[in-house]
Amino acid sequence: MARIETPRRVRGTQDIFGEEQRRFSHVLDTFERVRRLYCFGRVDLPVFEATEVFARSIGETTDVVSKEMYTFPDRGGDSLTLRPEFTAGIARAFLTEGWQQYAPLKVTTSGAVFRYERPQKGRYRQFHQIDAEILGAPEPAADVELLVMADQLLRELGIADGVTLQLNTLGDAETREAWRAGLVAHFEAHRAELSEDSLTRLDKNPMRILDSKDPRDRPIADAAPDIDAYLTPEARTFFDAVTAGLDAAGVAWTRNARLVRGLDYYRHTAFEFVTDRLGAQGTVLAGGRYDGLVESLGGAPTAGVGWAAGVERLAMLVDEPAVEHPTVAVVPLDLSFETIAMGYAANLRRQGLTVHTDFRGNAKKRMQRAASADATHVIFVGPTLIEGSVTIKTMATGEQRNIGAAEVIEALR
Ligand code: ATP
Ligand code: MG
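The structure is reproduced here in structure tokens:
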């Protein structure tokens, strides 16, 4: 008979295990704690949406929509897309679920997102994001709150020192129109030197050229005019309020006038938290204000601001989290006490104790395994349980004594 081949793991996906998984969980647990400190709720949304949810909000000319989406017809013939990010789905839910009544709505979410990219270190096809958004708040204080929250998250993960907040403003609609004209004039003058992708961008979204990673585009992008000369007084006031808020909260930032975001609907604040510890994949957290997005999905004009961070990239930066050790291991003295020992272990766990058990071998073998699991104590369950006592061994000293079965919890405190 032919040998059956094991299926492969799909390129760009991950099986997260062991130390890697502990780092991953540590990022998610810390995010969960921090979002509560800021009174952000949590939402959980579908992994796939109607394709137009992303196409209309993220913008047809972005890399994400034009090259990276996992789009497929379902069996009923509808075009669906695996979410490449969270913001569009949250905006869709805001409209379809009537969440306007909760505005300003402060929410977080996290989970898997999908992009068809060239996999490399820190870049996957299925990866994970944590995400925070405020919908229905046009005030710069909302931008500040989200940035301060991001900063606290990085501090609590112990990685704030190696990460820099780069901040920019993309102005209001009037600013952008004027800046766009300035950019077009500049790029037109260098048409012959631009990459093919940037020539397309020049027609559809010239700002995007500033974001190009193509070395042919970089010198031209770097020499392009800054937005500052085009800022309306309103846009300038907004940006000043954001930076004043950051200063008041003690959040360090640097201006990066070249920073634009991948999405079409960004306005005013745009930012990235960047590190040089991850090579080319140095952006760990990014976001900004997207006041036009909800409207692009057919809703009433609604302000929005938010950010997303790659869980894998944050996990690569954090120190290795400690392995959790069991407090005790429950070991039956011989096989005839196995069932009763399992019952006893269940009892301890119901009282909140972390208990190691295993399924085979004599008491000596089991004790060895308890030692490799780093249990601090071993409880031997044997005939004395009938009179209500067990034997407890302290692993560090080897000391062993009999103790009332009901007193174990007290004794271990
Ligand atoms: P990049 O420039 O690295 O492609 P991006 O601008 O496409 O990033 P965003 O859409 O802003 O990224 O997503 C937010 C965050 O998600 C990024 O800052 C990064 O930490 C993470 N991220 C983006 N794409 C990937 C990926 N393919 N694999 C792992 N993490 C990713
Ligand atoms: Mg990308």
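Quick note on numbering: the sequence shown equals residues 34 to 446 in my numbering.
Even for Gly, the Cβ is constructed at its ideal location relative to N, Cα and C.
Per DSSP, TYR377 is one residue of the alpha helix (DSSP H) stretching across 371-383.
For THR114, there is no enclosing alpha helix (DSSP H); the enclosing beta strand (DSSP E) has its first and last residue at 112-115. Here the stretch 400-418 makes contact with the stretch 350-366; the two share three or more CB pairs at distances below 8 Å. Between ALA222 and the set ALA257, GLU65, PRO117 and ASN395, the nearest pair of CA atoms involves ALA257. Distance from the CA of TYR157 to the CA of GLU150, rounded to the nearest whole angstrom, comes to 7 Å. The three-state secondary structure of HIS59, taken from DSSP, is helix. Under a 10 Å Cβ-count criterion, ALA319 is classified as buried, with 16 or more other Cβ atoms of the shown protein chains found around its own Cβ.
A direct Cα-Cα distance of roughly 20 Å separates ASP273 from ARG294. For the options ALA362, PRO173 and LEU330, the alpha carbon positioned closest to that of GLY122 is the one of LEU330. When rounded, the separation of the alpha-carbon atoms in ALA406 and VAL317 is 34 Å. As a beta-bridge residue in DSSP terms, PHE147 pairs with GLN159. The Cβ-Cβ distance between ALA303 and ILE260 does not fall below 8 Å. Annotation for GLU82: LEU113, THR114, ARG116, ALA121, GLY122 and ARG125 place their beta carbon closer than 8 Å to its own, counting only its chain and skipping 5 residues before and after.
Bounds of any alpha helix (DSSP H) do not take in SER228, whose DSSP letter is neither H nor E. Uninterrupted alpha helix (DSSP H) stretches at least 4 residues long and entirely within the stretch 341-372 occur at 344-350, given in chain order.
Distance from the Cα of ILE253 is smallest, within the candidate group ARG402, GLU210, MET240 and THR104, for MET240. Between the alpha carbons of PHE119 and VAL146 lies a gap of roughly 8 Å. Of the heavy atoms belonging to the ligand ATP, at least one sits nearer than 7 Å to the Cβ of GLY155. Under the three-state reduction of DSSP output, ILE253 falls in the helix class. Going by beta carbons, ASP250 and LEU227 fall inside the 8 Å limit. Contact annotation: ARG68 and THR141 have beta-carbon atoms nearer than 8 Å. One alpha carbon belongs to ALA225, the other to ARG234, and they sit about 14 Å apart.
Here GLU130 carries a coil assignment [DSSP, helix/strand/coil]. A direct Cα-to-Cα measurement between ASN238 and THR94 gives close to 7 Å.
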